[in-house]
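*Asks:* Residue numbers are given in our numbering: position 327 of the sequence shown equals residue 341, and the series is strictly consecutive.
Think of the CB as a built atom: it goes at the ideal place given N, C-alpha and C, for glycine as much as any other residue.
In this text, all values refer to a predicted model and were calculated from it rather than measured experimentally.
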Amino acid sequence: MPVSTVMLSRVFWVRLAALLFTCVAFSVAVHSANVHGGLADCCIFCWAFSFTCTLLVLLVEQFGLQARIPVSWSNISTTVAGYASLLCLFAFFIFVYFFIILQWYANERSFRITSTVFSCLAAVAYMYEVILIKGRARQGAGYMATAPGLLKVWQTSVAFLIFILISNPVSYSHHEALEWCMAVYCICFIVSMVVVILCVGECTGRKSVPFSQFLFAYSLLAFLMYLSAVIVWPIFTFGEKYLRGGDMTTQISVTVFTGLNMLLYLADLVYTAPGVHHQCFLSPTYNVVLHSFQQQTKLSHHFRRLGSPLRRVPADKGETSQLNPDERPYHDPANDPANDPVNDPAHVPVNDPANDPAHVPVNDPAHVPVNDPANDPANDPAHVPVNDPANDPANDPAHDLSMTLQRPCQRPCQ
């Protein structure tokens, strides 16, 4: 893509804004916020990771190096924007609660608020970038811009946040059931990351098992595993026998995010279930295929409805049923018997010998042949020609004498 085209696109300016926001967020946090510990390091990592990946994406698009990358560049940019938006959002919530609310009277409060505000702005910018990329889906935006692809991003991001909360302090080692929950988080996170890598690298068609069936089986298994974690974690964390002292805010947060991830896997299960066109989900041109399929479905439904027979609207008691005016069948003039030329009395068939003047019917007594001497009136002895002087009575001497004798005498006889 040329440099001028890149700089004129809205995606470029949104990425540039997100780059500046993340730079300000982690720079202020490192230099002046005076934050320490595992949670602070995780927040700084989120901002630095988002800043670095966004910078690389901008440089690649600025110099037009997308064609040299052997995988789908649209999938890479969408994945980076999706992860960056969630990471900045998580860093925002962590910084607000642990470093502003719980440490409200710290001298560095203004710097921490600054990092928090810019983290929120960066999250909004990355979300808007995802929306812009998803809006280009009809041009083949790739699998990661679809709902199943974004669900994979959200699942792994929520699992990453659970790892941060469950490890500071370690709250899963005092019972085997909680260790099972930790195993659920790790297994699902690893498999989901592998799926994301395969989809970004477009390696989904290189397996002996159809990838769509694998996704459905994995989504079902992950949902059941998270369902067990949703049940087990609160029992062995908040039960009277297993209750431990201290702040329970982290444990409540882990419970909430576990339920959230269970819902995400349930939505993923619905998308990958048989009967859904998941084969199209795995193609880089998923949205083009889906849009074409939806248009064809609408057209077929439209014509099927136009040609469907009339349905009668159920009438109340004592009334006759009426035809639904919205369900009238389509009237095709070409199939209307009233428009059939055969049924028209004034219709003259084409190539009909009876309508041909030159056609002489055989054995027709009423037919008078044309140019036949026997049928010429001039050769008929009984024929009296019209306007013939010989046949004019005024030229006949006998006729003149008879007319004279019949006249009365005009003068008296002498």
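Evaluate the contact criterion for the stretch 123-142 versus the stretch 54-69: three or more CB pairs, one atom per stretch, below 8 angstroms.
*Replies:* Enough Cβ pairs lie closer than 8 angstroms, so yes.
*Asks:* Of all the options I249, V38, C213, L234, which has the alpha carbon lying nearest to the alpha carbon of Y279?
*Replies:* For Y279, the nearest C-alpha among the options comes from L234.
*Asks:* Looking only at its own chain, which residues have a Cβ that is under 6 angstroms from the Cβ of A98, when we skip the five neighbours before and after it?
*Replies:* For A98, where only same-chain residues beyond five positions count, the Cβ hits under 6 angstroms are S64, Y140.
*Asks:* Apart from the five residues on each side of it in sequence, which residues of its chain come closer than 6 angstroms, Cβ to Cβ, to R126?
*Replies:* The residues are A47, F113, I114.
*Asks:* Can you round the beta-carbon distance between S88 and G156 to whole angstroms, since I take them to be within the 8 angstroms contact cut?
*Replies:* About 4 angstroms separates the two Cβ atoms, so the contact holds.
*Asks:* Can you give me the Cβ contacts of L69 inside the same chain, cut-off strictly under 8 angstroms, excluding the 5 residues immediately before and after it?
*Replies:* L33.
*Asks:* Using the C-alpha atoms, what's the distance from G51 back to S242?
*Replies:* Approximately 31 angstroms, taken between the alpha carbons.
*Asks:* For V184, write down the residues that DSSP places opposite it in a beta bridge.
*Replies:* For V184, which the question treats as bridged, DSSP gives the partners S181.
*Asks:* Going by Cα to Cα distance, which pick from V44, A95, Q80, I201 is closest to T66?
*Replies:* Among V44, A95, Q80, I201, the Cα nearest to that of T66 belongs to A95.
*Asks:* Exposed or buried, what is F77 when buried is set at 16 or more other beta-carbons lying within 10 Å of its beta-carbon?
*Replies:* F77 should be labelled exposed.
*Asks:* Measure the alpha-carbon distance for R82 versus I90 and round it to whole angstroms.
*Replies:* About 13 angstroms.
*Asks:* Roughly how many angstroms separate the alpha carbons of F109 and F250, rounded to a whole number?
*Replies:* In a straight line, the C-alpha of F109 is about 28 angstroms away from that of F250.
*Asks:* Report yes if the CB atom of L30 is closer than 8 angstroms to the CB atom of L72, and no otherwise.
*Replies:* Cβ distance < 8 angstroms, so L30 and L72 count as in contact.
*Asks:* So what does DSSP say about V223, is it helix, strand or coil?
*Replies:* Note: V223 maps to coil in three-state DSSP.
*Asks:* Helix or strand or just coil, what does DSSP make of M265?
*Replies:* Just to set this straight, residue 265 is Gln in the shown sequence, not Met. Correct three-state label for Q265: helix.
*Asks:* If you follow the alpha helix (DSSP H) that L13 is part of, which residue opens it and which one closes it?
*Replies:* Absent from the model: residue 13. The displayed extent of the chain is 15 to 428, so no value can be given.
*Asks:* Buried or exposed: S86, going by 16 or more other Cβ atoms within 10 Å of its Cβ?
*Replies:* Under this definition S86 is a buried residue.
*Asks:* Comparing the CB of L165 with every heavy atom of the ligand NAD, is any distance shorter than 7 angstroms?
*Replies:* For the ligand NAD, the structure offers nothing, since it holds no ligand at all.
*Asks:* Which residue wins for smallest C-alpha separation from A105, given the options T264, A137, V74, A191?
*Replies:* It is A137 whose Cα lies nearest to the Cα of A105.
*Asks:* For A236, which option in C195, L179, T128, C202 has the closest C-alpha, if you only look at C-alpha atoms?
*Replies:* Residue C202 is the option with its Cα nearest to A236.
*Asks:* List the endpoints of the continuous alpha helix (DSSP H) containing R126.
*Replies:* That run of the alpha helix (DSSP H) goes 123-149.
*Asks:* Cα separation between W27 and C102?
*Replies:* Answer to the nearest angstrom: the Cα atoms are 18 angstroms apart.
*Asks:* What are the boundary residues of the alpha helix (DSSP H) that includes W194?
*Replies:* Taken as a continuous stretch (DSSP letters only), the alpha helix (DSSP H) holding W194 covers 190-214.
*Asks:* Taking the beta carbon of Q293 as the centre, do at least 16 other beta carbons fall within 10 Å, making it buried, or is it exposed?
*Replies:* Low per-residue confidence applies at Q293: pLDDT is 45, beneath 50, and the placement is therefore not dependable, though the value from the model is reported in the following sentence. With fewer than 16 other Cβ atoms within 10 Å, it is exposed.
*Asks:* State the CB to CB distance for the pair Y186 and C195, rounded to an integer number of angstroms; the pair is presumed to be in contact (CB under 8 angstroms).
*Replies:* Yes, they are in contact, since the Cβ atoms of Y186 and C195 sit about 7 angstroms apart, within 8 angstroms.
*Asks:* Would you kindly work out how many angstroms separate the C-alpha atoms of W168 and A159, rounded to a whole number?
*Replies:* In a straight line, the C-alpha of W168 is about 12 angstroms away from that of A159.
*Asks:* Where do the N-terminal and C-terminal ends of the alpha helix (DSSP H) with T66 fall, by residue?
*Replies:* Where T66 is concerned, the enclosing alpha helix (DSSP H) stretches over 52-76.
*Asks:* Closest by CA to T286, which one among L165, T93, F40, A191?
*Replies:* When only C-alpha atoms are compared, the closest one is L165.
*Asks:* Measuring CA to CA, which of W118, Q227, V144 is closest to V49?
*Replies:* Per the Cα distances, W118.
*Asks:* Helix, strand or coil for V94? Go by DSSP, reduced to three states.
*Replies:* V94: helix per DSSP, three-state reduction.
*Asks:* What separation, rounded to the nearest whole angstrom, lies between the Cα atoms of A43 and A54?
*Replies:* Approximately 9 angstroms between the Cα atoms of the pair.
*Asks:* Within its chain, find whatever has a CB closer than 6 angstroms to the CB of Y240; leave out the 5 residues flanking it on each side and keep chain order.
*Replies:* Closer than 6 angstroms at Cβ, skipping near neighbours: N275, M276, Y279.
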